[in-house]
Amino acid sequence: MENELKIPNHVGIIMDGNGRWAQERGMVRTMGHKNAIKTLKALCLHMADVGVKYASLYAFSTENFKREKSEVDYLMDLFISSFTKEFKFLIEKNVRVVFSGRREPLPEKVLEAMDKIQEDTKNNKDLVLNICLNYGSHAEMVDTTKKICEMYKEGKIELDDINEEFIQKNLYQDLPPLDFVIRTSGELRLSNFMMYQASYAEFYFPQVYFPDFTTEEFDKAILEFNKRNRRFGGVKK
Ligand code: IPE
Ligand code: IPE
Ligand code: MG
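Counting the sequence shown from 1 gives a position; our numbering is that position plus 283.
Have a look at this one:
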């Protein structure tokens, strides 16, 4: 990729379309999730290479528990094998893994695998991979509000300490705002993904299903990002 290209500091990816990808090939939906792992591995390496500093990946929403038990169970097993095996290469690649979302009601084995990869990568510095698992923006607002109320109740903060920056710092992870949100599969919605963080993000909706979101597709997205004129409420430059 050319040097003059602006690389977004924080990229969000809503990894959608796994089920349709598989169904269109006459396979069961879960095969789409399996193939998404291959795509994601290449994408993580590529994002680190081109200099993305933060990437937030929507892996499982609070609403995804509404799915058939067999699909939810498959995804939970996939998370375990990903964090204990498939994504171990991130340790050497200087990628730090953190998680956003509610721990309840994730199975104990998933939580253990999450804690382990987070611990194993905690000193890595190249790319922060924020995996949104059992994540919902509304749940995050509720949890953040409760956390701040507790601090107030314990006398650790004054009411006037609560400002926009303070709220941002007390979300699940203290990350810079999203610059670019990509949702694959052609759906044009956020589905409860990082609403606070995405307030001034640019949006991009490629038609491809996530398993086909190759590094070339990512490069196309970056070209599109470079065409945008971000004004943040100011005047066009
Ligand atoms: C995204 O793909 C993965 C998760 C939500 C876990 P989907 O499973 O939503 O695939 P489609 O949208 O039904 O095709
Ligand atoms: C959003 O996709 C969640 C993830 C990609 C993890 P969904 O497939 O769950 O969203 P809806 O139901 O189409 O809005
Ligand atoms: Mg979907």
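Here a beta-carbon is modelled for each residue, glycine too, at the ideal position from N, C-alpha and C.
Have a look at the DSSP bridge pairing and note the partners of residue i.
i           : result
residue 380 : 412
residue 293 : 337
residue 492 : Bridge partners of residue 492: none, in fact.
residue 418 : 344
Determine the contact status of residue i and residue j, defining contact as a CB-CB distance below 7 Å.
i           : j           : result
residue 411 : residue 386 : no
residue 319 : residue 312 : no
residue 416 : residue 343 : yes
residue 454 : residue 423 : yes
residue 400 : residue 372 : no
residue 355 : residue 456 : no
residue 485 : residue 463 : yes
residue 361 : residue 329 : no
residue 289 : residue 509 : yes
residue 418 : residue 383 : yes
residue 496 : residue 322 : yes
Assuming residue i is part of the beta strand (DSSP E), what are its boundary residues?
i           : result
residue 454 : Premise fails: residue 454 is in no beta strand (DSSP E) and is neither H nor E.
residue 527 : Coverage of the chain is limited to positions 284 through 520, which leaves residue 527 absent and any answer about it impossible.
residue 340 : 337-344
Leaving out five residues on either side along the sequence, give the residues of the same chain with a beta carbon under 7 Å from the beta carbon of residue i.
i           : result
residue 363 : 392, 393, 396
residue 478 : 420
residue 300 : 467, 468, 492, 493
residue 331 : 376, 378, 409, 410
residue 285 : Below a pLDDT of 50, predicted positions are generally treated as unreliable, and residue 285, at 49, falls in that range; the measurement from the model is reported next regardless. If we look at residue 285 and ignore the five residues flanking it on each side, it has no Cβ neighbours.
residue 445 : 431
residue 434 : 440
Could you give the first and the last residue of the continuous alpha helix (DSSP H) run that contains residue i?
i           : result
residue 504 : 498-510
residue 487 : Counting along the chain, residue 487 falls outside any alpha helix (DSSP H), though it belongs to the beta strand (DSSP E) covering 485-487.
residue 398 : 391-403
residue 360 : 352-364
residue 306 : 301-306
residue 373 : 372-375
residue 444 : That residue, residue 444, is in no alpha helix (DSSP H); it is neither H nor E in DSSP.
Looking only at its own chain, which residues have a Cβ that is under 8 Å from the Cβ of residue i, when we skip the five neighbours before and after it?
i           : result
residue 482 : 460
residue 439 : none
residue 519 : 512
Tell me which residues share the same chain as residue i and place their Cβ nearer than 6 Å to its Cβ, disregarding the 5 neighbours each side in the sequence.
i           : result
residue 476 : 297, 341
residue 490 : 469
residue 325 : 498
residue 471 : 488
residue 357 : 313
residue 294 : 335, 338, 463
residue 427 : 453, 454
residue 403 : 374
residue 303 : 492
The stretch 366-383 in contact with the stretch 435-451 per 3-pair CB rule at 8 Å: no
At least three beta-carbon pairs within less than 8 Å, the stretch 430-449 to the stretch 500-518: Counting Cβ pairs under 8 Å, fewer than three are found: no touch.
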